[in-house]
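In this note's numbering, the protein residues as written are 22 to 331.
Taking it in order: structure first as structure tokens, then the write-up.
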């Protein structure tokens, strides 16, 4: 099956600033593809080119098999980070409006189904301005999916949601994926991206720096940190320094930090973990010792804030 989105050597400049630089990307049909990147990285520019809001200066943006198209493509759904509902319209009216903009005229059954699923049926005849923030976000989500898009772009869909409403939206997104909708999920929440996405793309300073499944991405970064729990400290006061400075007597350790519960030992690439564990156990009583696989958050920080790794 051809990719839902394909970018080939795409470049976008704003005067002297290159927002996106020779970007290549392929989003598999029927997948959840995470878009991550720090502010100002070129992520929003990339999304806007996919949505045809702006055009690239060079390269090709192919969406759902087409290299050209209109901004108001009925096959695309979009939940922007800046929420925008017509506050004086009633909920059902505003959902009908968005559905019909996409050519879905017999939309009431879908509206009713989504309102029921979101626990919002009782708000159908209420004005948008009377909704709580969480309920308004759920209505905004419905507006992006009610026309049954083939490609759904979600920009920070969980921002500001309480845990209950977050799970409602998350489950709805996963169900859409099971039904065959391709989803581009843009977020700063690395933990949520790690839980939901089939693959992840990261852009930094206009260039692609990560692209692949989570397993592929993690395999390219070293497991260079040990998490351990120390149960008994020496009585000579040296325990205070243990969490703040490197310990010369421990082999392979280049840095140490303490979060109040665990000590984290940064080790060099040639570390022999068995030797290190034996050396640590000889000095301290250790109740927990594990090699930490870097999370997507850890990888994001290493790329976006490299000075923290010096």
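For every residue, glycine included, the Cβ atom is placed at its ideal position computed from N, Cα and C.
Excluding the 5 residues flanking residue i on each side, which residues of the same chain have their C-beta closer than 8 Å to its C-beta?
i	result
residue 181	154, 155, 158
residue 80	28, 29, 30, 31, 32, 43, 44
residue 109	148, 149, 150
residue 296	272, 273
residue 39	32, 33, 227
residue 106	115, 149, 157, 160, 161, 164
Under the three-state reduction of DSSP, which class applies to residue i: helix, strand or coil?
i	result
residue 60	coil
residue 190	helix
residue 80	strand
residue 241	coil
residue 31	strand
residue 268	For residue 268, the pLDDT reaches just 49, beneath the cut-off of 50, and the residue's location in the model is therefore unreliable, leaving the point undetermined.
residue 160	helix
residue 313	coil
residue 87	strand
residue 200	coil
residue 102	coil
residue 171	coil
residue 53	strand
residue 147	coil
residue 318	helix
residue 252	strand
residue 247	strand
residue 109	coil
residue 37	coil
residue 154	helix
residue 42	strand
residue 257	Any reading at residue 257 must be qualified, since the residue scores a pLDDT of 49, below 50, and its modelled position is unreliable; the value itself is stated next. Of the three classes helix, strand and coil, the one that applies to residue 257 here is coil, per DSSP.
residue 286	strand
residue 25	coil
residue 224	strand
Does residue i pass the burial test, meaning 16 or more other C-beta atoms within 10 Å, or should it be called exposed?
i	result
residue 124	exposed
residue 122	exposed
residue 185	exposed
residue 190	buried
residue 229	buried
residue 165	buried
residue 233	exposed
residue 99	buried
residue 170	buried
residue 314	exposed
residue 216	exposed
residue 140	exposed
residue 284	buried
residue 305	buried
Do residue i and residue j have their C-beta atoms closer together than 8 Å?
i	j	result
residue 111	residue 134	no
residue 220	residue 68	no
residue 242	residue 210	no
residue 41	residue 58	no
residue 136	residue 97	no
residue 120	residue 49	no
residue 332	residue 278	As shown, the chain starts at 22 and ends at 331. That puts residue 332 outside it, with no answer to give.
residue 198	residue 53	yes
residue 225	residue 303	no
residue 317	residue 235	yes
residue 196	residue 102	no
residue 203	residue 152	no
I'd like the list of long-range same chain contacts for residue i, defined as Cβ closer than 6 Å, with 5 residues on each side in sequence excluded.
i	result
residue 231	223, 238
residue 263	Its pLDDT being 47, under 50, residue 263 is placed unreliably by the model, and nothing is read from it.
residue 88	81
residue 104	161
residue 311	248
residue 55	206, 214, 218, 221
residue 292	273
residue 320	242
residue 201	51
Apart from the five residues on each side of it in sequence, which residues of its chain come closer than 7 Å, Cβ to Cβ, to residue i?
i	result
residue 92	72, 73, 74
residue 294	312
residue 95	123, 124, 168
residue 144	112, 152, 156
Does residue i get closer than 8 Å to chain C when you measure Cβ to Cβ?
i	result
residue 185	Structure shown: chain C not included; a single protein chain is present.
>> For the region 238-254 against the region 72-87, do three or more pairs of beta-carbon atoms, one drawn from each stretch, fall closer than 8 Å, so that the two count as touching?
In response: no
>> Using a Cβ distance threshold of 8 Å, determine whether the region 102-115 contacts the region 160-176, with at least three qualifying pairs required.
In response: yes
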